[in-house]
Each structure stands twice: as C-alpha cells, then as structure tokens.
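Numbering (my numbering), first residue to last: 457 to 558. Backbone N, C-alpha and C define an ideal beta-carbon position, used for all residues, glycine too. This structure is a prediction, so every number in the text was calculated from the model and none was measured.
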Amino acid sequence: MYAIVKTGGKQYKVAVGDIVQVEKLDGGPGAEVSFPALLVVDGSDVIADADALGKVSVTAEVVEHTKGPKIRIHKFKNKTGYHKRQGHRQKLTRVKVTGITK
Numbered sequence: 457m458y459a460i461v462k463t464g465g466k467q468y469k470v471a472v473g474d475i476v477q478v479e480k481l482d483g484g485p486g487a488e489v490s491f492p493a494l495l496v497v498d499g500s501d502v503i504a505d506a507d508a509l510g511k512v513s514v515t516a517e518v519v520e521h522t523k524g525p526k527i528r529i530h531k532f533k534n535k536t537g538y539h540k541r542q543g544h545r546q547k548l549t550r551v552k553v554t555g556i557t558k
C-alpha cells in the first residue's frame with residue numbers, strides 16, 4: 457500500500473516505513489504530523505475520489521531538521537563590470553511515515 461501526499465507545494469509517493477525529505481515543517485524531532493492524501497493504492501484497489509480521500513489520513517513522525525545542498529548563484533553582465541554572487545541552502549525536514557489509514 458502506498459499513497460501520494462502533498463506538502464510544501466510538492467507531491468511525494470510514500471509507504472509505511474519510508475523516510476522522506478520535505479520542505480521544513482513546524483515541530484521538533486518526535487512530533488507527529490499529518491499529510492493530505494491525493495491518491496491511495498492498495499494492490500488493485502485505487503482510491504482517487506475526493507469524498508473517500510477525506511477519510512484517509514497519512515501520519516508521519518519528524519526525524520530531524522536538515523539543510524539541503526548549497527546552491528551557488530552567480531549573475532554576470534558582460535562588458536559592464538557587473539557580477540553578483542549569492543548562495544542558498546534550503547531548510548528540510550526528514551519524516552518517517554508511520555501509518556496510512558483508510
């Protein structure tokens with residue numbers, strides 16, 4: 457059984473026991489979080505109806521807060537002497553899926 461969940465503007469395919477990195481969530485390590493399900497597949501049974509998905513809950517436990525890889529941004533304009541350097545590291549949260557209930 458697996459589900460497609462949405463968080464942080466992205467969609468993730470998760471199953472019970474999976475550890476997934478998502479956009480930063482509130483709550484410290486050990487906190488319980490819940491995600492809305494967009495699709496649930498259980499063998500040949502597929503749940504995609506909005507009414508049925510309202511009853512489905514995907515719960516997860518926060519494992520840790522981390523940072524993603526450093527991204528270096530360099531803007532440059534030829535012949536004008538303009539260049540600008542900037543960096544970014546996205547804040548992420550690792551969560552372990554604990555249950556998918558129908």
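CB contact flag (residue i, residue j, <8 angstroms)
| i | j | result |
| --- | --- | --- |
| L481 | V489 | yes |
| V514 | P485 | no |
| V497 | M457 | yes |
Cβ shell of residue i (< 6 angstroms), same chain only, five flanking positions each side left out
| i | result |
| --- | --- |
| Q477 | L548 and R550 |
| H530 | R541 |
| L495 | I460 and A504 |
| Y562 | Residue 562 lies beyond the residue range present for the chain, which begins at 457 and ends at 558; the question has no answer from this structure. |
Own chain partners of residue i with C-beta closer than 8 angstroms, once the 5 adjacent residues on each side are dropped
| i | result |
| --- | --- |
| K523 | R545, Q546, K547 and L548 |
Residue i versus the options, residue with shortest Cα-Cα distance
| i | options | result |
| --- | --- | --- |
| A493 | L509, E479, E517 and H539 | L509 |
Same chain only: Cβ atoms within 7 angstroms of residue i, ignoring 5 sequence neighbours per side
| i | result |
| --- | --- |
| A516 | V489, F491, V551, K552, V553 and T554 |
Query raised in the report: For the stretch 459 to 470 against the stretch 524 to 542, are there 3 or more C-beta pairs whose distance is under 8 angstroms?
Result: no
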